[in-house]
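Participant:
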Amino acid sequence: MARTVADLVAAAIATESTADTPTAVRSVFYIEHGTRLGTRVGTGGEDVVYRNRYVLARIGTSFGACACEAGAVGPEVANFSGMSAADILTQAPAEVRMAVLDAWLAERAPHRSHPLATSVELPTGTPLQRALARDAAIVDLVAPQVGDTIAVVGVVTPLVEGLLRRGAHPRLCDRNAESCVGLPVEQDLDAVLTGADRVLATGMTVSDGSFDVIRQHCLSTTTPLYIYAQSGTAIVREFLGAGVRGMTAEHFPFSQFSADATPMYVYRSGQEGTREL
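In terms of UniProt numbering, the sequence shown opens at residue 1 and continues consecutively.
Structure follows, in structure tokens:
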């Protein structure tokens, strides 16, 4: 069983080294976008503009994704298209490695047919309508009790508002925000995690290494950990039942890239979800 994300990378490389046919990464590309969920053109509150950057990779019928910080990589990642998974996993920048690992794991066990996955349809609608549907499903997964302190790592306004409506007390952490619906947003991850009744973290934590830190904290304190993910969905799934209590997974194209109905997959750790590579 993998203990860290780095262990998953090593296991994938080892598997590829003995494969009769190397796994080809058909496409690698980069997307940067902004989304304003609110209806008013202005600043503050619901009108915040979310800026996200992703490296995407395709293997067979599956996409993998890795969120990244500004300036980390750019459109040049397309040069990795057509290379073998093994070569990318050993040579490429971390963001590309994570996207390819995500696609490699997803192709081995697609979300659409995974026995632990329950498909939830995100309805046709505006960005805000689709975000509200997604975040309601995430809050249902976390199932906070009135008065629970929820450490939220990666802040999205509708998600925080959903927790508040359930009577929970969100404690927020995000590198790119200072406040959300009047609540302060901290930079100190340890301070946010300490004493929380539950932890809800974005899949973006896979790309910066904090996922391993968060998962180890939750294992050592027996704190339920839930992940909502667009990037790193198949990577996170490997730790279901091994520190991750539940997760939601959106594969590319993500909900913000379509107005039409799309699936989101909900996993709960009713049984071990980690399998040998």
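Note that CB positions come from ideal geometry on N, CA and C, so glycine has one too.
In whole angstroms, what is the alpha-carbon distance linking M98 and T233?
Facilitator: Between M98 and T233, the C-alpha separation is close to 11 Å.
Participant: So what's F29 in DSSP terms, helix, strand or just coil?
Facilitator: Residue state, collapsed to three classes: strand.
Participant: Let me know if T90 comes out buried or exposed under the rule of 16 or more other beta-carbons within 10 Å of its beta-carbon.
Facilitator: By the neighbour-count rule (16 or more Cβ atoms within 10 Å), T90 is not buried but exposed.
Participant: Let me check one thing: in DSSP terms, what residues is Y121 bridge-paired to?
Facilitator: The sequence as given places Glu at residue 121; Tyr does not occur at that position. According to DSSP, E121 bridges with P263.
Participant: From the DSSP output, in three-state form, read off F63 for me.
Facilitator: Looking at F63 - three-state DSSP - the assignment turns out to be strand.
Participant: Using a Cβ-based criterion (distance less than 7 Å to any ligand heavy atom), does C68 qualify as near the ligand SAH?
Facilitator: Among the components of this structure there are no ligands whatsoever, and the ligand SAH is therefore not found.
Participant: Indicate the three-state DSSP secondary structure (helix, strand or coil) for G180 in the structure shown.
Facilitator: It is Cys, not Gly, that sits at residue 180 in the sequence shown. C180: strand per DSSP, three-state reduction.
Participant: Buried or exposed: where does residue 302 fall if 16 or more other Cβ atoms within 10 Å of its Cβ makes it buried?
Facilitator: Outside the displayed range of the chain (1 to 277) lies residue 302, so it cannot be described from this structure.
Participant: So which of L163, G243, A259 has the shortest CA-CA distance to N130?
Facilitator: Here residue 130 is Arg; the residue named in the question, Asn, does not match the sequence. Considering only alpha carbons, the answer is A259.
Participant: Of all the options A177, L122, I138, V185, which has the alpha carbon lying nearest to the alpha carbon of G203?
Facilitator: G203 has its Cα closest to that of I138, out of A177, L122, I138, V185.
Participant: Give a yes or no on contact between the stretch 217-237 and the stretch 101-120, applying the rule of three or more CB pairs nearer than 8 Å.
Facilitator: The stretch 217-237, when compared against the stretch 101-120, does touch it at the 8 Å Cβ threshold.
Participant: Based on Cα-Cα distance, which residue from F211, P22, I13 lies nearest to A67?
Facilitator: Per the Cα distances, F211.
Participant: Output the residue ranges of the alpha helix (DSSP H) runs that lie fully inside the UniProt domain "Putative heavy-metal chelation" (140-218) and measure 4 residues or longer, sorted by chain position.
Facilitator: Runs found: 157-165, 189-193, 205-208.
Participant: Under 7 Å Cβ to Cβ from A136, same chain only, skipping five residues before and after it: list those, please.
Facilitator: Taken in chain order, the residues that qualify are G162.
Participant: Look up G247 in the DSSP assignment and give the residues it is bridged to.
Facilitator: Sequence check: residue 247 is Met here, not Gly. M247 is bridged to I227, Y267.
Participant: Grab the span of the alpha helix (DSSP H) containing L105 for me, first residue to last.
Facilitator: 94-108 is the extent of the alpha helix (DSSP H) around L105.
Participant: Cα separation between G167 and L200?
Facilitator: Distance between the alpha carbons of G167 and L200 is about 16 Å.
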